[in-house]
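Taking the numbering used here, the leading residue of the sequence shown gets 8, the next gets one more, and so forth.
Beta carbons are placed, not taken as given, at the ideal position from N, Cα and C, and that holds for glycine.
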Amino acid sequence: MAKVVAFEISTQDPEKASNFYSKVFGWKVGEANWGYHPVDTGSQANGENGINGGIALGPSDYPHGVRLQLEVDSIDQALEEAKNNGAQIVREKMEFDEFYLAYIVDPVGMGVGLIEQK
């Protein structure tokens, strides 16, 4: 079963969004890395609950808004199942140092990130 591990806010103005969420909700927003600002909404080490995520500069052809990031056992299998069940593959599997990442849009228009740990 895939579990929600993070969120991502996609925008054409990540600095403005970072400033807003930091000031209004007290989120700790880090410096951008590859256009992605990491967001800490609560540290479990301090006994706080929160799902962390990020604020990213989204390309103009990518759905804007909030996407859930789901951790899956196999991105390849998840992409195949998603495609077979009406999803659009927006970004094929990409490799990063510690994980793989892909983006889909489900049949009702919700953007979803898929993460597979290495």
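- Query: Using DSSP with H/G/I as helix, E/B as strand and the rest coil, what is residue 17?
  - Reply: It is a strand residue.
- Item | Whole-number beta carbon distance between residue 11 and residue 129, since they are thought to touch under 8 Å | Not covered by the structure: residue 129. The range shown for the chain is 8 to 125.
- Under 9 Å, do residue 45 and residue 26 count as touching if we go by C-beta distance? No, these two residues do not count as a Cβ contact at 9 Å.
- With distances taken Cα to Cα, identify the nearest neighbour of residue 48 among 40, 28, 106 and 39. Comparing Cα-Cα distances from residue 48 to each of 40, 28, 106 and 39, the minimum goes to 28.
- Query: What is the rounded straight-line gap between the Cα of residue 18 and the Cα of residue 42?
  - Reply: Approximately 11 Å, taken between the alpha carbons.
- Which whole-angstrom value describes the C-beta separation of residue 79 and residue 123, a residue pair presumed to lie in contact below a C-beta threshold of 8 Å? Your pair residue 79 and residue 123 checks out as a contact, with CB atoms roughly 6 Å apart and the cut at 8 Å.
- Query: Nearest to residue 115 by alpha carbon, out of 55, 95 and 101?
  - Reply: Out of 55, 95 and 101, 95 has the C-alpha closest to the C-alpha of residue 115.
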